[in-house]
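Remarks on the structure that follows.
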Amino acid sequence: MANKDAAFGFRPTRHLSGGQMRTEEYAIAANYGSDIFTGQVVEAVAGGGIEQAAAGDTQQLGVFGGVFYTDPTTSKPTYSAYYPASTNASDIVAYVYADPDIVFEAQHDGTGTAAMNHSAMDFTGVAGSTTTGQSTSELDTSTSGTGAGFKQIGISKDPENSDTGAANANAYCVFSTGEHVYKLITAV
Numbered sequence: 044m045a046n047k048d049a050a051f052g053f054r055p056t057r058h059l060s061g062g063q064m065r066t067e068e069y070a071i072a073a074n075y076g077s078d079i080f081t082g083q084v085v086e087a088v089a090g091g092g093i094e095q096a097a098a099g100d101t102q103q104l105g106v107f108g109g110v111f112y113t114d115p116t117t118s119k120p121t122y123s124a125y126y127p128a129s130t131n132a133s134d135i136v137a138y139v140y141a142d143p144d145i146v147f148e149a150q151h152d153g154t155g156t157a158a159m160n161h162s163a164m165d166f167t168g169v170a171g172s173t174t175t176g177q178s179t180s181e182l183d184t185s186t187s188g189t190g191a192g193f194k195q196i197g198i199s200k201d202p203e204n205s206d207t208g209a210a211n212a213n214a215y216c217v218f219s220t221g222e223h224v225y226k227l228i229t230a231v
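Residue numbers (the numbering used here): 44 to 231.
As structure tokens, this is what we get:
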């Protein structure tokens, strides 16, 4: 059966040691110029804040899980599933799944197989929906190898997206040790 091509970014599914999956709070600079969507990979920046990550970044912090700020137009407290680019608020708080031991589920952009288990791959795509706030990031199947941002640890059990003979299978993955900011030897 063919898989559904419906990328959703990186969705937290469980913790490697059985711990709780929680978000941590981080700042986004006022007027930061890019949208950030739920399920999108973010990177740590100097000063303790976050920004949208690009494939291949080695200071990846985690996966975005929403944002809270005071709307500069209405002066109302606002929770959003995505950060709208260039929001001019001084109290922006982003929620990030930053624990490097969280297992995420993500869709492959090509044909992902069980043979890719324990190999590394980058993500692709930084777009998303401003209606739902959901990211459309995916695992970049073409980068499967020994050095990249995520390590695939299994194929999803989702019956609609676990066919490894077709494109867009979902997989379980964790951040690679040399790519997550908490597992780096050097500072940002």
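For every residue, glycine included, the Cβ atom is placed at its ideal position computed from N, Cα and C.
Integer Cβ distance of residue i from residue j, believed to fall under 8 Å
i	j	result
Thr87	Val224	According to the sequence shown, residue 87 is Ala rather than Thr. Sure, about 4 Å apart at Cβ, within 8 Å.
Ala210	Thr121	Contact flag wrong, Cβ pair sits at about 37 Å.
Asp165	Thr186	5 Å
Val139	Leu182	Not quite, the Cβ-Cβ distance comes to about 19 Å (not below 8 Å), so this is no contact.
Ala124	Gln177	7 Å
Ile198	Tyr126	About 31 Å separates the two Cβ atoms, so there is no contact after all.
Glu94	Val85	7 Å
Val136	Val110	7 Å
Residues that DSSP places opposite residue i in a beta bridge
i	result
Asn213	Gln150
Tyr69	Ala137
Tyr112	Thr121
Thr101	Beta-bridge pairing links Thr101 to no other residue.
Ile198	Ala214
Gln177	Thr81
Met164	Phe193
Tyr126	Ile79
Val106	Val84 and Tyr140
Gly188	Ala163
Gly171	Ser178
Burial state of residue i, where buried means 16 or more other Cβ atoms lie within 10 Å
i	result
Asn74	exposed
Asp78	buried
Gln47	Reading off the sequence, residue 47 comes out as Lys, not Gln. So Lys47 counts as exposed.
Gly208	exposed
Lys226	exposed
Asn204	buried
Asp100	buried
Lys194	buried
Ser133	exposed
Ser219	buried
Ala191	buried
Thr81	buried
Gly108	buried
Thr117	exposed
Beta strand (DSSP E) segment containing residue i, residue limits
i	result
Lys119	Premise fails: Lys119 is in no beta strand (DSSP E) and is neither H nor E.
His58	Arg54 to His58
Ala87	Val84 to Ala87
Glu222	Taken as a continuous stretch (DSSP letters only), Glu222 belongs to no beta strand (DSSP E), as it is neither H nor E.
Glu94	Ile93 to Gln95
Residue-level contact to chain D via CB, residue i, 9 Å cutoff
i	result
Val136	Although the question refers to chain D, the structure presented lacks it and comprises just one protein chain.
Item checked: the region 204–222 / the region 143–162 touching (three or more Cβ pairs under 8 Å) -> Remark: three or more beta-carbon pairs, one from each stretch, lie closer than 8 Å, so the region 204–222 and the region 143–162 are flagged as touching.
Next item on the list: Inspect the CB distances between the region 123–142 and the region 47–67 and report whether three or more fall short of 8 Å.
Entry: In short, these stretches touch, since the Cβ pair count reaches three.
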